[in-house]
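S.K.: Encoded as structure tokens, here's the structure I'll be asking about.
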Amino acid sequence: MIIVMKKDVTQKEIDYVVKRIEKLGLKAMISKGVERTIIGVIGPEDRISMQPLEAFPGVEKVMPILAPYKLVSKEFKPEKTVIDLGKGVKIGAQEIIIMAGPCAIESYDQLFKTAKAVKEAGAQVLRGGAYKPRTSPYSFQGLGEEGLKILKEVAEQLNMPTVTEVMDTRDVEKVLKYTDILQIGARNMQNFSLLKEVGQTQKPVLLKRGMSATIKEWLMAAEYIAVGGNMNIILCERGIRTFEDFTRNTLDLSAVAAVRLLSHLPVIVDPSHGTGKYDLVPDMSLAAVACGADGLIIEVHPAPHEALSDGPQSLVPEKFKELTKKIKRVAEAVGRKF
Ligand code: PEP
Ligand code: MN
22 MIIVMKKDVT
32 QKEIDYVVKR
42 IEKLGLKAMI
52 SKGVERTIIG
62 VIGPEDRISM
72 QPLEAFPGVE
82 KVMPILAPYK
92 LVSKEFKPEK
102 TVIDLGKGVK
112 IGAQEIIIMA
122 GPCAIESYDQ
132 LFKTAKAVKE
142 AGAQVLRGGA
152 YKPRTSPYSF
162 QGLGEEGLKI
172 LKEVAEQLNM
182 PTVTEVMDTR
192 DVEKVLKYTD
202 ILQIGARNMQ
212 NFSLLKEVGQ
222 TQKPVLLKRG
232 MSATIKEWLM
242 AAEYIAVGGN
252 MNIILCERGI
262 RTFEDFTRNT
272 LDLSAVAAVR
282 LLSHLPVIVD
292 PSHGTGKYDL
302 VPDMSLAAVA
312 CGADGLIIEV
322 HPAPHEALSD
332 GPQSLVPEKF
342 KELTKKIKRV
352 AEAVGRKF
């Protein structure tokens, strides 16, 4: 349930309610909006049902949260969440945020060249995988910590925040040191140990939708992170499995519109994995911005034919630059900035 506090509530009144909740062995999560402070009660609610909550000082009303996901729901927090990604970049506000870079970090030169090009074209965040979840164990698995070092070095040179995937709970501490955003990949969306682990940090988490996850399952995965105390979650639609095999996945843009109705979290789109084909990426990027996505994550490689992973869906820098010009126009048409 949520406890909506009065407009003129004092800190003392908030502290009192929190204390009463915690005394019952429940957890209180506070959401301070511009208009209101809302306190979420997490745990077996029957424990609190006998309390005269509405009579507590500063309380306006008590409401159940009907959605199974609580903290990430719009009911708990009506205003959109804006997340600080570092180096002056914020996601969830008016500006469209583009994360771009290679699928996998292959070398310093490859990453630097790509990063410089995507930055010049307007991308605010650098992507690059060091731990790659490959279908085949014989495929390139990523450079590991060496790749993370390259990522940090290049990002510092160019003053860009970074996003990179963490696949294993044992690597969280290490990856944290090198990146500004932790990516949880589609294959790990329901790796609950990993979700709990990143929930213990305050790092922004990019949570990709599982390839056969419903929107509800995706939001429940986000709830795992939120309940640990980390509300800095960015949702990412990256296509789901359907009967269609022309594309690698079926990019579900309706999920973007749905998530905007259901949750306060920012949502971005990955048209690269969503289609698997570089020549479909531009159109899907524009459509994503048009339907309200807060950003995009796009794979770019200076020589896709030589890429060690996901070459067929990677844009060359020139095509990426053409695309960002169009994104600017669509963003402005829908009241956003880029
Ligand atoms: C990736 O971003 O390179 C990746 C592996 O994505 P996904 O988890 O969506 O397949
Ligand atoms: Mn990839």
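In terms of my numbering, the sequence shown is residues 22 to 359. Heads up, the beta-carbon is just placed ideally off N, CA and C, and yes, glycines get one too. Source: prediction; values computed, not measured.
Counting only runs that start and end within the region 286-337, where is the alpha helix (DSSP H) found for 4 or more residues in a row?
M.R.: Counting whole runs of 4 or more residues, the region 286-337 contains the alpha helix (DSSP H) stretches 292-296, 302-311.
S.K.: Please report the Cβ distance between Lys298 and Pro333, rounded to the nearest whole angstrom; I am assuming they are in contact, meaning their Cβ atoms lie under 8 Å.
M.R.: So it is a contact: roughly 7 Å between Cβ atoms.
S.K.: Expressed to the nearest angstrom, what Euclidean distance is found between the alpha-carbon atoms of Gly231 and Val38?
M.R.: C-alpha separation (whole angstroms): 37 Å.
S.K.: For Gly294, is the beta carbon positioned less than 8 Å from some heavy atom of the ligand MN?
M.R.: Here residue 294 turns out to be His, not Gly, going by the sequence shown. Checking the Cβ of His294 against the ligand MN gives yes.
S.K.: Check whether the region 316-330 and the region 273-284 touch, using three or more Cβ-Cβ pairs below 8 Å as the test.
M.R.: Touching, no.
S.K.: I need the straight-line Cα distance from Asn212 to Ala242, nearest angstrom please.
M.R.: Going by the C-alpha atoms only, they are around 9 Å apart.
S.K.: Between which two residues does the beta strand (DSSP E) containing Arg148 stretch?
M.R.: Its beta strand (DSSP E) spans residues 146-148.
S.K.: Confirm, please, whether the CB-CB distance from Lys173 to Thr200 is below 9 Å.
M.R.: Cβ distance < 9 Å, so Thr200 and Lys173 count as in contact.
S.K.: Can you tell me where the alpha helix (DSSP H) with Glu186 in it begins and where it stops?
M.R.: From DSSP, Glu186 is part of no alpha helix (DSSP H) but of the beta strand (DSSP E) over 183-186.
S.K.: Less than 8 Å between the CB atoms is what I'm expecting for Lys286 and Thr102, so what's the real figure, rounded?
M.R.: First, the amino acid is wrong: residue 286 is Leu here, not Lys. Contact holds; Cβ gap of about 5 Å.
S.K.: If you measure between the beta carbons of Ile112 and Ile246, is that distance less than 9 Å?
M.R.: No, Cβ-Cβ distance for Ile112 and Ile246 is not below 9 Å.
S.K.: So, helix, strand or coil for Ser214, using DSSP?
M.R.: Helix at Ser214.
S.K.: Roughly how many angstroms separate the alpha carbons of Leu336 and Arg148, rounded to a whole number?
M.R.: The alpha-carbon atoms of Leu336 and Arg148 are separated by roughly 14 Å.
S.K.: For Met241, which three-state DSSP category applies?
M.R.: Here Met241 sits in helix by DSSP.
S.K.: Leaving out the 5 sequence neighbours to the left and right, which residues in its chain are closer than 6 Å to Gly64 when beta-carbon positions are compared?
M.R.: Hits under 6 Å: Leu47, Lys48.
S.K.: Applying the criterion that 16 or more other CB atoms from any shown protein chain within 10 Å of the CB defines a buried residue, is Asp304 buried or exposed?
M.R.: Asp304 is exposed by the Cβ-count criterion.
S.K.: Under DSSP, the beta strand (DSSP E) around Gln131 begins and ends at which residues?
M.R.: First-last for Gln131: 129-141, but that is the alpha helix (DSSP H), not the beta strand (DSSP E).
S.K.: Can you find the residues in the same chain that come closer than 8 Å, C-beta to C-beta, to Leu282, ignoring five residues on each side of it along the sequence?
M.R.: These residues qualify, in order along the chain: Lys95.
S.K.: Quick test of your reading: Ile289 and Cys257, contact by CB under 8 Å. State the CB separation rounded to the nearest angstrom.
M.R.: Their Cβ separation, rounded to whole angstroms, is 5 Å, which keeps Ile289 and Cys257 in contact under 8 Å.
S.K.: Give every residue of the same chain whose Cβ lies closer than 7 Å to the Cβ of Glu81, excluding the five residues on either side of it in the sequence, and list them in chain order.
M.R.: Correct list, in chain order: Val25, Met26, Lys27.
S.K.: Cys124: beta carbon under 8 Å from a heavy atom of the ligand MN?
M.R.: At least one heavy atom of the ligand MN is nearer than 8 Å to the Cβ of Cys124, so yes.
S.K.: Does any heavy atom of the ligand PEP sit closer than 8 Å to the C-beta of Ala207?
M.R.: Result yes, Cβ under 8 Å from the ligand PEP.
S.K.: Go ahead and pull the three-state DSSP assignment for Gln162.
M.R.: Note: Gln162 maps to coil in three-state DSSP.
S.K.: As a quick exercise: from Ser128, Thr222, Ile319, pick the residue whose alpha carbon is nearest that of Gln145.
M.R.: Of the listed residues, the one whose Cα sits closest to Gln145 is Ile319.
S.K.: So for Thr31, helix, strand or coil by DSSP?
M.R.: Coil, per DSSP.
S.K.: Pop quiz: Gly150 and Gly163 are said to be a contact at Cβ under 8 Å. What is the actual Cβ separation, rounded to whole angstroms?
M.R.: With 8 Å as the limit, Gly150 and Gly163 qualify as a contact, their Cβ atoms being about 6 Å apart.
S.K.: Going by DSSP, what residue range makes up the beta strand (DSSP E) through Glu258?
M.R.: Its beta strand (DSSP E) spans residues 254-258.
S.K.: Closest by CA to Arg208, which one among Asp105, Arg68, Tyr152?
M.R.: Here the closest residue by C-alpha is Tyr152.
S.K.: Can you tell me whether Val175 is buried or exposed, with buried defined as 16 or more other CB within 10 angstroms of its CB?
M.R.: Buried, because 16 or more other Cβ atoms sit within 10 Å of the Cβ of Val175.
S.K.: Do Lys224 and Asn180 have their C-beta atoms closer together than 9 Å?
M.R.: Cβ distance not < 9 Å, so Lys224 and Asn180 don't count as in contact.
S.K.: What residues in its chain sit with their C-beta under 7 Å from that of Ile104, if we drop five residues either side in the sequence?
M.R.: If we look at Ile104 and ignore the five residues flanking it on each side, its Cβ neighbours are Lys111, Ile112, Gly113, Pro225, Asn253, Ile255, Pro287.
S.K.: Indicate whether Pro85 and Ile23 have their beta-carbon atoms separated by less than 9 Å.
M.R.: Yes, the pair counts as a contact, with Cβ atoms nearer than the cut-off.
S.K.: For a test of your reading of the model: does the CB of Pro154 fall under 8 Å from any non-hydrogen atom of the ligand SAH? Yes or no.
M.R.: In the structure shown, the ligand SAH is absent; the only ligands present are the ligand PEP and the ligand MN.
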